[in-house]
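Here's the structure we're looking at; comments come further down.
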Amino acid sequence: MVDIAVTKVKTPGTLPDPDKLGFGHYFTDHMFVMDYETGKGWHSPRIVPYEQFELYPSAMVLHYGQAIFEGMKAFRTDAGEIVVFRTLEYLNRFNRSAEILCIPKTDVAVVHEGLKKLLETDKRWVPAKHGTSLYIRPFIVATDPYVGVKSSDKYTLFIILSPSGAYYAAGFNPVGIRVEDKYVRAVPGGIGEAKTPGNYAASLRAQVEAKKEGYAQVLWLDGIERKYVEEVGTMNIFFKIKGEVVTPALNGSILGGITRKTVLELCQDWGVKATERQISIDEVFAAHEKGELEEVFGSGTAAVISPVGELSWKGRKLVIGDGKTGPFSQKLFDYVAGLQYGKVADKHGWVEKVAKV
Ligand SMILES: *Cc1c(COP(=O)(O)O)cnc(C)c1O
408 MVDIAVTKVK
418 TPGTLPDPDK
428 LGFGHYFTDH
438 MFVMDYETGK
448 GWHSPRIVPY
458 EQFELYPSAM
468 VLHYGQAIFE
478 GMKAFRTDAG
488 EIVVFRTLEY
498 LNRFNRSAEI
508 LCIPKTDVAV
518 VHEGLKKLLE
528 TDKRWVPAKH
538 GTSLYIRPFI
548 VATDPYVGVK
558 SSDKYTLFII
568 LSPSGAYYAA
578 GFNPVGIRVE
588 DKYVRAVPGG
598 IGEAKTPGNY
608 AASLRAQVEA
618 KKEGYAQVLW
628 LDGIERKYVE
638 EVGTMNIFFK
648 IKGEVVTPAL
658 NGSILGGITR
668 KTVLELCQDW
678 GVKATERQIS
688 IDEVFAAHEK
698 GELEEVFGSG
708 TAAVISPVGE
718 LSWKGRKLVI
728 GDGKTGPFSQ
738 KLFDYVAGLQ
748 YGKVADKHGW
758 VEKVAKV
């Protein structure tokens, strides 16, 4: 067992209105913190009140972006249990991102223990309404006060928690996506497969331009030929063509989503043929022309499954399934959400109980 000191807030905060949570606006009473120093390693894991922290203006993360993060969720089941979903997968990916950004790896067991203790401490903040959840954001930043370019000698790891509203408060509605043909998100040999702020900074310009045209999201193509489909930027992408589920193979510039992995494993369970391979945007449009493109959906922790009703590429518009949610997208969503809220039996061992309220 790891020794994790707990310092509690003097005055616990007021819970936000469960009907007005939105995403990422509210934070719980406490956070988990741990420090790293070269020669000392990761040390002093602790739970402290959620509050502002001090950083030198020269702190390396502010200048060169040496940072990584994760995003997962805790749920409150009907039985009043607080559960998390595939947590070790996320914490292992956290270490994979650390490797790519030259950040010292963490001991997954310590971070896991810290997360569980934090959730136990702040369990009253996990909203109860179906569809709501407690978003979990672990992250590491480089804190060395030095403005030269190098890998930092000091880091701080945080885990903060944010009660969040139902992603589909207004129903499970398909989104319109703009296929980006000018900008690229990541290139082979780059940092595309890491969950790191730089990839998001690189995506903002395309996102702003897509919004102006009325599209919710951007579908990225490969960074060299702008021909092969990569991902949506906060989601991985799936196409159902003539009964077969196809998703771009992980190639180093695509983020390997845990939800993507879950979808692929469920396809296998259900006897649905699923293939990870290169798929060009031409092929997607051609399949649609032949009437073979049955469904398109994104996968990610925030939305679980996000049906895509329209794709726009170089002025060509493609409406999928009359712009309505397809049955396979719906089935996936219902199954995964069912697992998370304790309505579907967990035969995969994906759900972990961490507290009881
Ligand atoms: C987090 C993320 C995803 C989705 O991954 P999940 O593990 O399913 O949440 C997809 N693309 C990018 C760039 C991401 O950062």
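Reminder that position 113 of the sequence shown reads as 520 in the working numbering, one-by-one numbering, no gaps. Ideal Cβ positions, reconstructed from N, Cα and C, are used throughout, including at glycine.
For alanine 486, the closest C-alpha among the options Lys561, Lys536, Gly730, His755 is that of Lys536. Going by DSSP, glutamine 614 is part of no beta strand (DSSP E) but of the alpha helix (DSSP H) stretching over 611-619. Alanine 474 counts as buried, since no fewer than 16 other beta carbons sit within 10 angstroms of its beta carbon. Between isoleucine 665 and threonine 708, the alpha-carbon positions lie close to 8 Å from each other.
Around the C-beta of tyrosine 574, 16 or more other C-beta atoms lie within 10 Å, and the residue is accordingly described as buried.
Judged by pairs of C-beta atoms under 8 Å, the segment 715-734 does not touch the segment 653-663, as fewer than three such pairs exist.
According to the DSSP assignment, tryptophan 627 belongs to no beta strand (DSSP E), since it is labelled neither H nor E. Beta-bridge pairing by DSSP links isoleucine 411 to no other residue.
Not one heavy atom of ligand 1 sits closer than 7 Å to the Cβ of leucine 462. Counting only unbroken stretches of 3 or more residues, the beta strand (DSSP E) elements lying wholly within the segment 519-594 are 540-549, 561-571, 582-586, in sequence order. With respect to alanine 656, glutamine 675 sits apart: the two C-beta atoms are not nearer than 8 Å. Between the segment 614-629 and the segment 745-752, the count of Cβ pairs shorter than 8 Å is below three; the stretches do not touch. With contacts defined by Cβ atoms closer than 8 Å, aspartate 410 and alanine 466 do not form a contacting pair. In this structure, serine 610 sits near arginine 592, with a CB-CB distance shorter than 8 Å. The way I'd put it, the segment 507-523 does touch the segment 546-563; three or more beta-carbon pairs between them come closer than 8 Å.
Per DSSP, the beta bridge partners of methionine 441 are Leu564. A distance criterion of 7 Å places the beta-carbon of isoleucine 665 in contact range of ligand 1, judged by its closest non-hydrogen atom. 8 Å or more divides the Cβ of glutamate 690 from the Cβ of phenylalanine 735. Assignment of lysine 760 by DSSP, reduced to helix, strand and coil, places it in the strand class.
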